[in-house]
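Q: Pasting in a structure now, in structure tokens, and then I'll have a few things to ask.
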Amino acid sequence: MKLNRDVISLAIKQWFYQWYRGVKEFARYGVHLRFLLPWLWLKLSYLLDSPYAVSRRYQRQQQAADLYVYGETPLETLEEIAERSSVKAADHVFELGAGSGFTAIWLHGVKKCRVTAVEQVPLFCWRLLRTVKRMGLSAVSVRCESYLQTSLSEATVVYLYGSNLEDAVITELAERLAELPQGVRLITISYPLTDFVGQETFVVTDQFSAQFEWGEAEVFIQERI
Ligand SMILES: C[S@@+](CC[C@H](N)C(=O)[O-])C[C@H]1O[C@@H](n2cnc3c(N)ncnc32)[C@H](O)[C@@H]1O
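Take any residue in the sequence shown, count from 1 to its spot, add 23: that is its number in the numbering used here.
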């Protein structure tokens, strides 16, 4: 009974948090019409639900040991990351683990780049795909599959926020990213890829602390050499 109360109170807090954040995002980025309409449409699909609850249900279905693994990059933090990694309209950003997809919508709407959102949770993919189709966002692709399997060959920038991943998963992914051509930029949160593959594969070009929901985390910008 107590657990149920805790879970319900957490769900309510997260629901309010996402809308509090939504108001700030609207005020800051609402002038970008290319961002605003898709963002509003996607936001409405989370009116009675929250991305945190969607992720929890998926983790429960998978019988995961930890149900509380979901987090999102605040858009202000994404803006700082995109500035410092020089994301431009000519880039094709692969977001590995796109979650609800607000970050993909922001990258396309504000930075005007091509985005491929790779995500394993079917409901996240379905809602994002519905938004993409309804808003005619031809430069946003949604792949509902594992980023350990999907082809990464078109990426010029890769964004990975997966701070709770097991070392074996990061190593497997880092080995796949090592096959990308020289010059591709790779952005990771909490750890650099050089901790998982040889130093001769990637070079860290920038590192800084940025604000996430749960506090500060290190952002690593790397380049394939
Ligand atoms: C911490 S969330 C980040 C969401 C979003 N990128 C952001 O920054 O706001 C990580 C996401 O990665 C997804 N994920 C984890 N492992 C995955 C895999 N192997 N393939 C595709 N998605 C995965 C999870 O379902 C979750 O939605």
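Using N, Cα and C, we set each Cβ at its ideal position, and we do this for glycine too.
For Val-226, report the span of its alpha helix (DSSP H) as first-last.
A: That residue, Val-226, is in no alpha helix (DSSP H); its beta strand (DSSP E) goes 225-235.
Q: What is the rounded straight-line gap between the Cα of Leu-196 and the Cα of Leu-171?
A: Leu-196 and Leu-171: Cα-Cα distance of roughly 6 Å.
Q: How about the region 203-220 and the region 239-246: do they share at least three Cβ pairs that are nearer than 8 Å?
A: Counting Cβ pairs under 8 Å, three or more are found: they touch.
Q: Report all residues from its chain with a CB closer than 6 Å to the CB of Tyr-184; omit the five preceding and five following residues, and keep chain order.
A: These residues qualify, in order along the chain: Thr-96, Ile-212.
Q: For my contact list, Val-144 and Ala-127 are in at a C-beta cut-off of 8 Å; report their separation, rounded to the angstrom.
A: About 14 Å separates the two Cβ atoms, so there is no contact after all.
Q: From which residue to which residue does the alpha helix (DSSP H) around Phe-58 run?
A: Residues 56-67.
Q: Any heavy atom of ligand 1 closer than 6 Å to the CB of Ala-121?
A: Yes; taking the cut-off as 6 Å, the Cβ of Ala-121 has a heavy atom of ligand 1 nearer than that.
Q: Expressed to the nearest angstrom, what Euclidean distance is found between the alpha-carbon atoms of Lys-134 and Ala-112?
A: Rounded to the nearest angstrom, the two C-alpha atoms are 6 Å apart.
Q: Where in the region 156-239 do unbroken runs of the beta strand (DSSP E), each at least 3 residues long, occur, reported from the N-terminal end onward?
A: Segments of the beta strand (DSSP E) lying fully in the region 156-239: 163-167, 180-183, 208-212, 225-235.
Q: Please report the distance separating the alpha-carbon of Met-24 from that of Ser-174.
A: Its pLDDT being 48, under 50, Met-24 is placed unreliably by the model, and the measurement read from it follows with that caveat. Looking at the two C-alpha atoms, the distance is approximately 45 Å.
Q: Any heavy atom of ligand 3 closer than 6 Å to the CB of Leu-171?
A: By its list of ligands, the structure shown excludes ligand 3, since it contains just ligand 1.
Q: Between which residues of its own chain and Val-226 is the CB-CB distance below 7 Å, once the five residues before and five after are set aside?
A: Cβ neighbours of Val-226 beyond the five flanking positions: Gln-245, Glu-246, Ile-248.
Q: Is Val-144 near ligand 1, going by C-beta to nearest heavy atom under 6 Å?
A: Checking every heavy atom of ligand 1 against the Cβ of Val-144, one is found closer than 6 Å.
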